[in-house]
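Engineer: Quick one: structure below, then a few questions.
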Amino acid sequence: MPSGLELLKSIDMFSTFTQEELEKIAPLVNPMKVMEGEILAKKGYRARTFFIVIKGDFLLSFQNGKAITLHNKGDIMGWSTLVAPFEYRGTVIALTNGEVLTLQGQEFYLLLQSESALSSKIMNEINSIIASRTPYHEV
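Residue numbering for the sequence shown follows my numbering, beginning at 77 and increasing consecutively.
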């Protein structure tokens, strides 16, 4: 299985990151296989894990009845691990067997707090991804 560093390099979100920046993130990255039907996050629960899709199909549903499917390598889920009130805003269910990268929210958050330039770069990428989904999630 590729290392966290190799996996990060293969994701568009990190394409502009330097080797040094990726090396700071890589120790936090853990690949995880998921099974069809597995629930990765539940709306209203404490957000503990940030997910990056490697492969598979995932349903992200919201309380207001809206939902989107995520299936592209680099799609993200669980960004609420980085913003107050640190609760998942939606429920994520694996629609197929797949693989994700996980970053434990607290460790990821601490990295961002200690590295302002890296934090800015990551949050800009996350904001761009979330903005592209704005019509689909609850405001």
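The beta-carbon is built from N, C-alpha and C at its ideal position, and this holds for glycine as well. Only a predicted model underlies this, so the values are computations on that prediction, with no experimental measurement involved.
When the distance is taken between beta carbons, is ILE152 closer than 9 Å to PHE184?
Structural biologist: Counting from 1 along the sequence shown, the entry for residue 184 is found at position 108. Counting from 1 along the sequence shown, the entry for residue 152 is found at position 76. Result no, Cβ atoms of PHE184 and ILE152 do not sit closer than 9 Å.
Engineer: Does the distance from the CB of VAL129 to the CB of LYS149 come in under 9 Å?
Structural biologist: Counted from its first residue, the sequence shown places residue 129 at position 53. Counted from its first residue, the sequence shown places residue 149 at position 73. In contact: VAL129 and LYS149 (Cβ atoms closer than 9 Å).
Engineer: Between the Cα of THR145 and those of TRP155, PHE134 and PHE138, spot the shortest distance and give me the residue it belongs to.
Structural biologist: Counting from 1 along the sequence shown, the entry for residue 145 is found at position 69. Checking every option, the nearest Cα to that of THR145 belongs to PHE134.
Engineer: How big is the Cα-Cα spacing for LEU187 and ALA117?
Structural biologist: The residue you call residue 187 lines up with position 111 of the sequence shown. The residue you call residue 117 lines up with position 41 of the sequence shown. Computed Cα separation, rounded: 22 Å.
Engineer: Tell me where the beta strand (DSSP E) around SER137 begins and ends.
Structural biologist: Within the sequence shown, numbered from 1, the residue matching residue 137 stands at position 61. Here the beta strand (DSSP E) through SER137 covers 134-137.
Engineer: Out of GLU163, THR94, LEU194 and MET108, point me to the one whose CA is closest to ALA170's CA.
Structural biologist: The residue you call residue 170 lines up with position 94 of the sequence shown. Comparing Cα positions, the closest option is MET108.
Engineer: Measure the alpha-carbon distance for TYR164 versus LYS119 and round it to whole angstroms.
Structural biologist: Working through the sequence shown from its first residue, we reach residue 164 at position 88. Working through the sequence shown from its first residue, we reach residue 119 at position 43. If I take the Cα positions, the gap works out to 5 Å.
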